[in-house]
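Asker: Residue numbers (this note's numbering): 270 to 542.
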Amino acid sequence: MQITTSSIVLFSPTGTSRKIADAVADGCRCQPRIVDATYAEPVDTDFGADEVVFIAVPVYGGKVAPTALQRFDTIQGHNTPAVLIVVYGNRDFEGTMVELDAFVRNRGFVTVAAGAFIGEHSYSTKAHPIAANRPDMADFTDARAWGRDICAKLVDMTLPTAVDVSLLKAPNQSPASQLRFKEFILELQSQSNKPKPRIAIDWEKCNRCGKCFKLCPTQAIKSRTEPDIDYDRCIKCCACVKGCPCQARSFDTPYAPVLSECFAQRKSPVTLL
Ligand SMILES: Cc1cc2nc3c(=O)[nH]c(=O)nc-3n(C[C@H](O)[C@H](O)[C@H](O)COP(=O)(O)O)c2cc1C
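Given below as structure tokens:
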């Protein structure tokens, strides 16, 4: 195929999906245009048949992060080859890839490659690490190698041919950990009358630098100087928690210790071509 340009379309509040997409595109020897939907709906979202588009999203609750799908609503391909990348926090990506594939197919793309990679979980903390510091060197090596294979496939193809993304499965998880996590979810559901945890702020530590205001993808933080949160807009992505230079933000979720305990074993990326 004659590919003349490339783009990365992404939604990535804590930056791990973006890092993986960059590495895959780099391996593919592309210098892509970045269509960043993290902070607002992107403009200029029409893609031609001579273009390869890398589409990267995080997994939220085993699905595509809902805000990503809202922001991607205007993207339109014209039999455009797409490389789908989902990034998850070492638990599972469940139906995310199938959901993303259906979404892009409806918008004129052909999924020629699909990969699920691991990024540090948004809820990871020092006390409860979950895939801490990922993607790491090994992940970037895998992402670049896969990018090189994608490049070779694109050169060999005359017309874009779709892969069956339902074949992409997360690495096996020990039955004991799966059971423990299921029990935790059932326990949580039985306490549905309890108030849901929220992102908190320690006003003593906050120096009003405005970084969280800039980092919030849904404009839930009202202003630089009044960094309290509109909880109706907050998607709990933890961009403000991870990005705060004063550690003034925290998210005390019961998920963190359980995810840390059950999903401590390193998972490797899985890809389809
Ligand atoms: C609300 C929410 C739900 C999540 N659900 C899952 C999940 O179902 N499985 C999983 O492995 N990771 C899950 N994660 C972790 C993210 O997929 C992971 O941290 C990802 O690397 C974040 O991508 P980003 O850095 O591009 O924002 C969730 C994170 C958030 C904030």
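All C-beta atoms, glycine included, are put in the ideal place defined by N, C-alpha and C. Computed from a prediction, not measured in an experiment: that's the story for all the values here.
Quick check for students: name the residue ranges of the alpha helix (DSSP H) that lie wholly in the region 344 to 391, counting only runs of 4 or more.
Answerer: If we require 4 residues or more, the alpha helix (DSSP H) runs fully inside the region 344 to 391 come out as 365 to 374.
Asker: Which class does L448 belong to by DSSP, given the choice of helix, strand or coil?
Answerer: Looking at L448 - three-state DSSP - the assignment turns out to be helix.
Asker: For F520, write down the residues that DSSP places opposite it in a beta bridge.
Answerer: The partner list for F520 (beta bridge, DSSP) reads I468.
Asker: If you draw a straight line from the C-alpha of I324 to the C-alpha of A382, how long is it?
Answerer: Looking at the two C-alpha atoms, the distance is approximately 11 Å.
Asker: May I ask you to check if the CB of N359 is nearer than 7 Å to at least one heavy atom of ligand 1?
Answerer: Under cutoff, so the answer is yes.
Asker: Within its chain, find whatever has a CB closer than 7 Å to the CB of Y524; leave out the 5 residues flanking it on each side and keep chain order.
Answerer: Around Y524: Y392.
Asker: Tell me the DSSP secondary structure of S529 in three-state form.
Answerer: Helix, per DSSP.
Asker: Going by the CB atoms, is the gap between L279 and H390 shorter than 8 Å?
Answerer: No.
Asker: Go ahead and label W415 buried or exposed: buried means 16 or more other beta carbons lie within 10 angstroms of its beta carbon, across all protein chains shown.
Answerer: With 16 or more Cβ atoms within 10 Å of its Cβ, W415 is classed as buried.
Asker: Can the beta-carbon of E320 be found less than 8 Å from the beta-carbon of T285?
Answerer: No, they are not a contact pair.
Asker: Can you tell me whether D291 is helix, strand or coil according to DSSP?
Answerer: In the structure shown, D291 sits in a helix (DSSP, three-state: H, G or I).
Asker: Measure the CB-CB distance between C475 and A517 and report whether it falls below 8 Å.
Answerer: Cβ distance < 8 Å, so C475 and A517 count as in contact.
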